[in-house]
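Novice:
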Amino acid sequence: MMTDQHLPLLEATPMLTEVPLLPQMINGDSVHQMILVQVNPGETFTIRTEDGHYQCITGPAQVPMVSPNGTMPPIFVPPGYVSQVVEENGMRKVLVLPHAVEFHPSLPPVPPHLPIYTPPHPAMLHHPHLFPTELPHYIHPLPALPIYTEQDMMCHSMSVPIHDERSVKMQEQLQRRLKSGHLGTANGVPPPHSPPGPFIKGGQTVMHNGNGKSRTSSTASPTPPRLKHSGRTRASPPSSYDVKDPEEEVRRVQELLSTVCKPAVGSVTSRSAVLSWRPPLRLPSDMDTHSNTHTHTALLLNYELALSQSGTEGDFKLVYQGKDTTYTVGDLRPATHYYARVCVACSSVKGAPSETAAFTTQCSAPDTPAAPRLIQRTKTSICLQWRSPSDNGSKITGFCLEYHEQGKQSAFKEVYSGLAKQYKVMRLTPSTKYAFRLAAKNDVGMSAFSAVLSCCTADCSASPLTPPAPPQLTEAGVTWLALEWTAPCGSASRDTLTYILEMEEKGSDCGFQQKYRGEELSCTVKELTRFTSYRFRVLVADVDCTSQPSAVVEFKTKPDQPGNPCKLSLQRPAEPHSLHVIWEAPEDDGGSSVTQYILELSHCGGQWDVAYRGPLREHVCEGLQEGTCYKLRVYCQSLGGQSQLSEILSVETKSLPPGPCRALRPAGESTPSEIPLCWDPPASDGGGPVSQYSVEMTQSAEECQQQVFCGSDVCCTVGQLLPGRTYLFWVKAFNPAGWGPLSEMCQASTAPGPPEQCSAPELTLRTPSSVLASWMTPVCNGSEVCEFRLEWGLEEDALELLYFGSATQYEVSDLQPATEYHCRVQAVNVVGAGLFSDVATVTTPASVPAIVEQVEEMREELLNEVMTRSSPTTLALRWKEPHCHGAEISTYNIDIGEELPLSVARTCYHILENLQPDTIYRIRVQAVNSIGAGPFSSVLKLRTRALPPEPPTLECVAAGPQSLKLKWGEGPSRPQNTRGTYYCLHMQVGADRSVCVYSGPCHTFKVQRLCEATEYQFQIQAHSNAGMGPLSPAYSFSTTRSPPPQLKAPKVELIEWNKYSVTWEALQPMRGDPIVYTLQLLRGREVEQLYKGPASSYTWQNPTAGAVYRLRVSAGRRVQDGSELWGQCSLCTSLPAVEPPREQRISKSQDLQPRRSWPLTDEPFATILLLGFVVLAVLFAVLIQYFFIERQ
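Residue numbering for the sequence shown follows the working numbering, beginning at 19 and increasing consecutively.
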């Protein structure tokens, strides 16, 4: 089946391999193959006839093609299509279908001027006009591609790769699931250790008509069953890996098992091949195996290997099922293409099959041929014919026919070797038996020899065959007869005889018909009619003639067993002691009439007993038990035997009411409110199960009885009774037939009980803090009251035991005024305590207020809401309002140690004013209401704050051009603790504005970033825990003038020999003050001033030639009062060395004696000192490294 779609070029088109097709058409010696090309509706198939014309065939149609050599011609399959062989009614069809995965509509179309397929070779065609030389250009567009679900892709053996990360996650989840044993049979796949289904027999699949279908629809198959669309394909990633749904978990495990690779093929022979595969899960390493053996055991996988000979889409047969990853497949056909795939199962989850691996077995010698067949014989010749066996992939090159004369100890001799399939052996001896055998050979080798054919040449004096004896009956059946006969006399000298058995049904006009022809002396004739007579005769024949038939004998088949009787039922409703049963005759009597019926009866599923035997079809079963379940069945007998049992009829006889119950008695000791009773079931249940019992009670025989219990138990407890009372009881039973009679009367009494409930106690006020409680004695219920219990409390739900004793009154004291109290009383005797009485309530009268509690000083955050600012002469108090005891509080009295307490209005706080600073006060508070004053609170000791400190004297200890260091008070500049007095230094920055430049406990502070020669005003203020003190008067301090900056090193130029010009940079006047300079000459450590003045240059003549001189300059600021302020000196500049004139050098050399001196200046001295320190440091470092670090 092809679709109307333009296909790509021929170079991108794979070719379909040859597929053997059946059935074959035999025409003489040639074998032809019929091929049908199916054209779907709406499609057009174009072929070219032998005269060169094109013919278009519009579907639906089937175009027949004939192959001359029995094989399928090469058919080119376009990309995106796959071929599939389908067999219908014994005929195979090659269908070309679009592949759902490989095809993509973006492939380029075929140019219209190029042919799509190459025509087949003319040598392969018997009728060239039947094969198309060019396949059509299709007309209709390709329909929408089908969407295959995940299970569809599994069935087609398509493996979709899964991302590595997903595989790892699913593998970890699988290991966890296997450890916890959560994988069940959610997907319906049997566990791997279960035995194979009925479709496996000897490691092979039972085949039906070549389709590989199982015998039953429930048989398992190597591939998972196809399911409905799941909404997405297997290649789509799941939404999440932390899903807890069991079906989703099984689906993930199935996807992981589906990642198994296709099997690898190795060691392929003509009859076997070795297949191996890798597991989809990572097995533990050796280290993991030694550390966790249980995990490795839990991950055992089960593999299923399947083979197919009809392509990847064909029927696969299961050849192996186990835990090994290597299997040797045997019993293969030589020179045959096979396709193998493997499927993995873990626990009860089974994955999709892997991709298919194709391999081809090697060629081998031909199969063993069948024994040759005798065609004709004479006195001196025998003509034999045979058929070609399977060539096993290599063309048969010849046949080898061997023979030897039977009766002689001679070996087989080759009599013929060639390609012919018929040969006539000449020059034989008359009336002699010969044995023949045949073998086939090809390029691989020679096959085994066939079975031996024994035949005899014709006899010169051959006589006609003697008629055989009539057949004899060995065994008869319902639809068959087993017959046997003997060979005729004088047949020992003849070759193999053929016997013909003929049969005629008695009463029919068809005559004798052949039922058997063969060499055996027995035959079983099947498919006969039951209990029918048949006539038989036997004939014997050889190659030359056929004898006369034997005498006719008559045999009869046996009758069949009759069918089971039907419609077993009751004639009328069941009685308590009898059943009237009827039934109908069987629909099939088996060929003979029924002789008798047998009715069997079973009681409560026990043994079956015969209740009736006779020809009638009804019977009354008597002497049965009432209310009993019986089972009945019936069968019949005839000449054919006994029939099958009928359907079982279950019936129950009618039941009667039960008899009276027995032995009604108390079941144990009674309680004050309950009496336990028990009884025995009635002696007769009336044929029905007793479902419930009813217990009736009364206090006297004259009173009416009342039901106190109804249930299925044989015991009960009658409750809600009065203590120390006597009661009468009866019991009766009930079954489906009704209530039975009452049993004998039973008399029982309750035990003594606790006293009855007391009445509510009477409460009488004696004083505001005492109450008298009195009560009455209740009914004692058979035992005298020995004790009373009085419970008392403020809340009705939280009463506590206050009194227990035999008195009937009690006075409660130490009560709170204006408070409501609750009480109740309980009576107790030897048996126990009775119920509590109702709760009585009493309220005490009002009294003075309670003591004031929680008197404390008000916190700072709450004090800000009451007053703006606290002072050393005030104290803020607060307290909790006490209980008023029934009268509202009007005032409070505050005692601070004076003669009269201070009275304040009703409030929870108060501020005491006009107190002494830094003084301790003892404070008490008292509440007052209309009845009087309550008690004072406990004493609270409070101290008033001290007065704030006075400001210290401020003075300037050091003044600079841009800073002033100020000092105040006596104390260290940096105190050790932060407790005590703090200081705040203010500096005036405007006419009416000042800023705080320092705040802390120190007594000195350096004010920086000031202007030179400027007067500043400062104020200081001290504060401590007592508060902030007043500001000091203003103090004025001035900064000094700043000296000029350091100049750069002066520049020295040589004017002439022994005369220099020295220049330096000039500075601008500072705030109107002129700048003067000094030039100094350094000769060793001696300093000499060469110049002082406002100029920035100086000319200097060195009187001494050859000496080392250095020059430096400094700037000074001349103040208006005449003083000078000098800055730092500049760096030194050395004078350049100049050689004196020749005349002076000669004169000096004569006058002066030679001497060598090295004057040591400051810079070389500092350099030498620095080098000494460096050497000493390196030496110490080496010693430390050696003695301390290395030894440690």
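Glycine included, C-beta positions come from ideal geometry on N, C-alpha and C.
So, do the stretch 343-357 and the stretch 283-301 have three or more beta carbon pairs nearer to each other than 8 angstroms?
Specialist: Short answer: they touch.
Novice: When the Cβ atoms of the stretch 622-637 are set against those of the stretch 690-698, are three or more pairs found closer than 8 angstroms?
Specialist: Contact fails: fewer than three Cβ-Cβ distances are below 8 angstroms.
Novice: If the criterion is Cβ atoms closer than 9 angstroms, does the pair Ala-845 and Thr-785 meet it?
Specialist: Cβ distance not < 9 angstroms, so Ala-845 and Thr-785 don't count as in contact.
Novice: Which same chain residues, not among the five before or five after Tyr-421, have their C-beta less than 8 angstroms away from its C-beta?
Specialist: The answer, listed in chain order, is Phe-430, Lys-431, Val-433, Val-443, Tyr-452, Ala-453, Phe-454 and Arg-455.
Novice: Is it true that the CB of Gly-645 sits closer than 9 angstroms to the CB of Gly-706?
Specialist: In this structure, Gly-645 lies closer than 9 angstroms to Gly-706 by Cβ.
Novice: Can you name, in chain order, every residue of its own chain whose Cβ lies under 6 angstroms from the Cβ of Asp-47, other than the five neighbours on each side?
Specialist: For Asp-47, the pLDDT reaches just 39, beneath the cut-off of 50, and the residue's location in the model is therefore unreliable, although a value from the coordinates is still provided. Correct list: empty, nothing qualifies.
Novice: In whole angstroms, what is the alpha-carbon distance linking Ala-701 and Cys-679?
Specialist: Approximately 7 angstroms between the Cα atoms of the pair.
Novice: What residue range does the beta strand (DSSP E) around Arg-1135 cover?
Specialist: It spans 1128-1136 - the beta strand (DSSP E) in which Arg-1135 sits, taken as one unbroken run.
Novice: By the 10 Å Cβ neighbour count, where 16 or more other Cβ atoms means buried, how is Phe-1205 classified, buried or exposed?
Specialist: Exposed, because fewer than 16 other Cβ atoms sit within 10 Å of the Cβ of Phe-1205.
Novice: Tell me the DSSP secondary structure of Gly-850 in three-state form.
Specialist: Coil, per DSSP.
Novice: Are the beta-carbon atoms belonging to Asp-606 and Asp-560 less than 9 angstroms from one another?
Specialist: Not closer than 9 angstroms, so no.
Novice: Report the CB separation of Pro-699 from Val-732 in whole angstroms; it is logged as a contact under 8 angstroms.
Specialist: Contact flag correct, Cβ pair sits at about 6 angstroms.
Novice: Among Glu-520, Cys-541, Cys-926 and Ser-540, which one has its Cα closest to the Cα of Gln-531?
Specialist: Looking at the Cα atoms, Glu-520 is the closest of the given residues.
Novice: Could you have a look at Asn-932 and say whether DSSP puts it in helix, strand or coil?
Specialist: Three-state DSSP puts Asn-932 in coil, outside helix and strand.
Novice: Within its chain, find whatever has a CB closer than 6 angstroms to the CB of Glu-523; leave out the 5 residues flanking it on each side and keep chain order.
Specialist: Taken in chain order, the residues that qualify are Tyr-552.
Novice: Does the beta-carbon of Cys-541 have 16 or more other beta-carbons within 10 angstroms, so that it is buried, or is it exposed?
Specialist: It counts as buried.
Novice: Rounding to the nearest angstrom, what Cα-Cα distance links Thr-1058 and Tyr-1034 in this structure?
Specialist: When rounded, the distance between both Cα atoms is 12 angstroms.
Novice: May I have the straight-line CA-CA distance separating Pro-779 from Val-866, to the nearest angstrom?
Specialist: Taking the straight line from one Cα to the other gives about 29 angstroms.
Novice: At which residues does the beta strand (DSSP E) containing Val-12 begin and terminate?
Specialist: Nothing can be reported for residue 12: it is not among the residues displayed for the chain, which extend from 19 to 1210.
Novice: Going by DSSP, which residues form a beta bridge with Phe-822?
Specialist: Phe-822 is bridged to Arg-807.
Novice: For the stretch 866-878 and the stretch 896-908, state whether three or more C-beta atom pairs, one from each stretch, are separated by less than 8 angstroms.
Specialist: Touching, yes, given that three or more Cβ pairs across the two stretches are closer than 8 angstroms.
Novice: Which residue's Cα is closest to the Cα of Tyr-356: Glu-331, Val-362 and Glu-545?
Specialist: Of the listed residues, the one whose Cα sits closest to Tyr-356 is Glu-331.
Novice: If you count every other CB in all the chains shown that lies within 10 Å of the CB of Pro-1068, and 16 or more means buried, which is it?
Specialist: By the 10 Å Cβ count, Pro-1068 comes out buried.
Novice: In whole angstroms, what separates the C-alpha of Ala-1195 from that of Arg-1103?
Specialist: Whole-angstrom Cα-Cα distance: 30 angstroms.
Novice: Taking contact to mean 3 or more Cβ pairs, one atom from each stretch, closer than 8 angstroms, check whether the stretch 401-408 and the stretch 362-378 are in contact.
Specialist: The stretch 401-408 vs the stretch 362-378: no contact.
Novice: Compare the C-alpha of Glu-687 against each of Ala-751, Thr-768 and Gly-659 and name the closest.
Specialist: The shortest Cα separation from Glu-687 among Ala-751, Thr-768 and Gly-659 belongs to Thr-768.
Novice: Quick one: Cα of Phe-417 to Cα of Leu-325, how far?
Specialist: C-alpha separation (whole angstroms): 33 angstroms.
Novice: How many Å lie between Pro-281 and Cys-74 at the Cα?
Specialist: Each residue's Cα considered, the two are about 45 angstroms apart.
Novice: Can you tell me whether Leu-1201 is helix, strand or coil according to DSSP?
Specialist: DSSP places Leu-1201 in helix when its eight states are reduced to three.
Novice: Within its chain, find whatever has a CB closer than 8 angstroms to the CB of Glu-968; leave out the 5 residues flanking it on each side and keep chain order.
Specialist: Ala-1040, Gly-1047 and Pro-1048.
Novice: Determine the closest residue to Cys-279 out of Ser-285, Pro-741 and Tyr-321, with distance taken between C-alpha atoms.
Specialist: With distances taken between Cα atoms, Cys-279 lies closest to Tyr-321.
Novice: If you count every other CB in all the chains shown that lies within 10 Å of the CB of Ile-1186, and 16 or more means buried, which is it?
Specialist: Ile-1186 is exposed by the Cβ-count criterion.
Novice: Taking only three categories from DSSP, how would you classify Arg-270?
Specialist: Arg-270: helix per DSSP, three-state reduction.
Novice: Taking the straight line between their C-alpha atoms, what separation do you get for Arg-1128 and Leu-1099?
Specialist: Rounded to whole angstroms, Arg-1128 to Leu-1099 spans 6 angstroms at the Cα level.
Novice: Determine the closest residue to Pro-676 out of Tyr-711, Gln-1006 and Leu-642, with distance taken between C-alpha atoms.
Specialist: Among Tyr-711, Gln-1006 and Leu-642, the Cα nearest to that of Pro-676 is on Tyr-711.
Novice: In its own chain, which residues sit with a C-beta less than 6 angstroms from the C-beta of Thr-492, not counting the 5 before and 5 after it?
Specialist: Only Ala-500 and Glu-502 meet the Cβ criterion.
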